[in-house]
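Working notes for the structure below.
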Amino acid sequence: MNKQQIVSALNKVREEKPLVVNITNFVVMNNTANALLAVGASPIMSHSKQEMAEMMSFAGALVINIGTLDSVWRPGMFFAVEQANENNKPVVLDPVGCGATKLRTSTARQLAELADNLIIRGNASEIIAMAGEKSQNKGVDALDASEAALSAARALVDGYACSVVVSGEIDYIVTKESTIALSNGHEMMPYVTGMGCSLSAVTGAFAAIGEKSGVAAAAVFSIAGEIAAEKSQGPGSLQMNLLDSLYQITAEDIESRLNLRECQQTS
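Numbering-wise, the sequence shown is residues 1423 to 1689 according to my numbering.
And the structure:
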């Protein structure tokens, strides 16, 4: 994907304002809803099975974030994925804390197995654990470098016929056709809770308009984070400035800042 295609995808999100259904965690609901609004999409936080069939009939995409799993939400997540499948809508899965507990790991894998049209967005440790390899994590925090997750990401691509976005100092976007390295963003971003969750939500917005690789969302979000960090004195102001940057990001910002390269595919 080149700069012009990323700009075109952003313009399409802003024009179409796709509705993105989010089953997400209590910690980040506000963050992710505002990130979607800032980029030009329309968020709805819907957790009820009673309305999910109707919701997925007219929504553009479904984002599932397992950050605060419980016995009520878990079956609702599976039902929502079934409804997304029924309506041929993309599903973005954020396997928060996968590898930290058996419940999170098994839930993430079962949701991925169920989804027909899937993008997985996680940190390196989550992606490694989801693929069944040994990861290093501390709760929901990654201790593995993003490049260490490349073989795991490719295994998930093959196993679930999906795209995988690995977030880290360098973001890697792995699809069946390519592996993209994205070197934008800022070292301050991991100090704001919900940054990855917000990227997952924004990935849903781009998937809803047909950009299902994950590249455009990661590029726009990381460049916005880079711009925001330049104006911020710490994590508190970064959180505020990120929303402004997502709202204000221009084609010129993308064209001048994008640091993207295609990696050699390995078996």
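Glycine included, every Cβ here is placed at the ideal spot set by N, Cα and C.
Here the structure is a predicted model, which is why all the values come from computation and not from measurement.
Three-way DSSP call (helix, strand, coil) for residue i in this model
{"i": "T1601", "result": "strand"}
{"i": "V1587", "result": "strand"}
{"i": "I1541", "result": "strand"}
{"i": "Q1427", "result": "helix"}
{"i": "L1515", "result": "strand"}
{"i": "N1447", "result": "coil"}
{"i": "V1562", "result": "Confidence is the limiting factor: at V1562 the pLDDT is only 47, short of 50, which leaves the residue's position unreliable and the question unanswerable from this model."}
{"i": "T1523", "result": "strand"}
{"i": "I1549", "result": "helix"}
{"i": "T1615", "result": "coil"}
{"i": "V1503", "result": "helix"}
Local Cβ density within 10 Å of residue i, reported as buried at 16 or more and exposed below that
{"i": "I1445", "result": "buried"}
{"i": "Y1582", "result": "buried"}
{"i": "V1494", "result": "exposed"}
{"i": "L1525", "result": "exposed"}
{"i": "D1580", "result": "exposed"}
{"i": "A1564", "result": "Caution is warranted here: a pLDDT of 48 is assigned to A1564, below 50, making its placement in the model unreliable, and no coordinate value can be reported."}
{"i": "F1448", "result": "exposed"}
{"i": "Q1505", "result": "buried"}
{"i": "P1512", "result": "buried"}
{"i": "S1605", "result": "exposed"}
{"i": "R1683", "result": "exposed"}
{"i": "E1473", "result": "exposed"}
{"i": "E1548", "result": "buried"}
{"i": "P1497", "result": "exposed"}
{"i": "S1644", "result": "buried"}
Sheet register partners of residue i (DSSP bridge)
{"i": "S1464", "result": "L1441"}
{"i": "Y1594", "result": "V1588, A1603"}
{"i": "G1489", "result": "Answer is none; G1489 lacks a bridge partner."}
{"i": "C1685", "result": "T1601"}
{"i": "A1570", "result": "Answer by DSSP bridge pairing: none, since A1570 is not bridged."}
{"i": "T1672", "result": "According to DSSP, T1672 bridges with nothing at all."}
{"i": "L1484", "result": "V1443, V1513"}
Contact with chain E by residue i, beta-carbon distance below 7 Å
{"i": "V1642", "result": "Among the chains of the structure shown, chain E does not appear; only one protein chain is present."}
Whole-angstrom C-beta distance between residue j and residue i, which should lie under 8 Å
{"i": "I1486", "j": "L1533", "result": "6 Å"}
{"i": "M1477", "j": "S1468", "result": "5 Å"}
{"i": "G1607", "j": "E1648", "result": "6 Å"}
{"i": "D1516", "j": "S1622", "result": "4 Å"}
{"i": "G1590", "j": "A1551", "result": "Not confirmed; about 15 Å, so no contact."}
{"i": "V1514", "j": "A1629", "result": "6 Å"}
{"i": "M1423", "j": "S1635", "result": "6 Å"}
{"i": "V1386", "j": "G1626", "result": "A query on residue 1386 cannot be resolved here, the shown segment of the chain reaching from 1423 to 1689 and no further."}
*With a cut-off of 8 Å, do at least 3 Cβ pairs link the region 1453 to 1461 to the region 1664 to 1682?*
yes
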